[in-house]
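What follows is a single structure, written as structure tokens, with notes after it.
Numbering (this note's numbering), first residue to last: 15 to 252.
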């Protein structure tokens, strides 16, 4: 009985199309929430919900498609999946560890992190590891390494050139997309290190938190003056 297919190729392809379409719909929604303030003060919690759904949905899609593939031809496909699991076990384990690490919503690009003796800024969150920027360069640390050694999120005050700014518009306007406006303006300022894109978070009462990396610390005050000149108040966030 185990050598008989319980799933057809047409059913497999249909299931795959549905799951992949749902995945890309969630990805588009995530990008939409990153560039707009459509939901106002509810924007941040909605972004977190979509992020957490994607975190679970991606491995769920893989498991469902693997199960459907197995049912197409239980014996031969079980052998294929078994061989795949054996040869790619380190990457599979690393991927699972990545889901665990990324479930911490406080982990984000721009955050200062310490992993063992390595201390730097999260420059990118990949499927198999983190890109960490230090004064010595860019490092890639696998999630299995992070799970083994543990990590600690720091305040961000000790890394040279990294600052968190509190920016508040002098004349708040609910129709203004402050995240997009500030990103557009900051892109014209030569003092920032754009190997890490500034992270802008618009909170309630129009308080805007910006995480930036300045190429030269002597330009920090000039950067703040330029932001203030755009009808904002700007100060370093402790």
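Each residue gets a CB set at the ideal place from its N, CA and C atoms; glycine is no exception. Note that the structure is predicted; figures quoted are calculated from it, not measured.
Beta-carbon contacts of residue i that lie in its chain and below 6 Å, excluding the five residues immediately before and after
i, result
"residue 153", "146"
"residue 33", "75"
"residue 207", "227 and 229"
"residue 148", "134"
"residue 225", "124, 178 and 213"
"residue 102", "none"
"residue 166", "128"
"residue 130", "163"
Nearest candidate by alpha-carbon position, reference residue i, set the options
i, options, result
"residue 67", "119, 80 and 27", "119"
"residue 247", "164, 110, 185 and 35", "185"
"residue 182", "213, 58, 202 and 244", "244"
"residue 151", "187, 132, 111 and 23", "132"
"residue 28", "194, 79 and 95", "79"
"residue 159", "199, 138 and 144", "144"
"residue 177", "129, 187, 233 and 140", "233"
"residue 190", "42, 52, 38 and 129", "52"
"residue 77", "41, 195, 106 and 130", "106"
"residue 122", "42, 139 and 111", "139"
"residue 56", "239, 235, 240 and 218", "218"
"residue 20", "59, 58 and 91", "91"
"residue 73", "130, 235 and 110", "110"
Per DSSP, the bridge partner or partners of residue i
i, result
"residue 64", "Partner(s): none; residue 64 has no beta bridge."
"residue 249", "180"
"residue 224", "179 and 214"
"residue 206", "228"
Nearest-angstrom beta carbon gap, residue j and residue i [assumed within contact, 8 Å]
i, j, result
"residue 197", "residue 222", "Actually they do not touch by this definition, with Cβ atoms about 11 Å apart."
"residue 193", "residue 216", "5 Å"
Cutoff 7 Å; reference residue i; Cβ partners in own chain excluding five residues on either side
i, result
"residue 237", "203, 205 and 228"
"residue 26", "82, 83 and 86"
"residue 69", "113, 116 and 117"
"residue 156", "108, 142 and 143"
"residue 242", "248"
"residue 251", "178, 179, 180 and 223"
"residue 23", "86"
"residue 199", "244"
"residue 240", "203"
Other residues of its chain near residue i: CB distance less than 8 Å, five sequence neighbours each side excluded
i, result
"residue 220", "182, 183, 186 and 192"
"residue 71", "36, 37 and 40"
"residue 64", "40, 43, 44 and 47"
"residue 161", "111, 114 and 115"
"residue 201", "208"
"residue 95", "80, 83 and 84"
Suppose only complete runs of 4+ residues qualify. What are the alpha helix (DSSP H) ranges in the segment 113-199, listed by chain order? The DSSP assignment places 157-163 as complete runs of the alpha helix (DSSP H) inside the segment 113-199, in order along the chain (cut-off: 4 residues).
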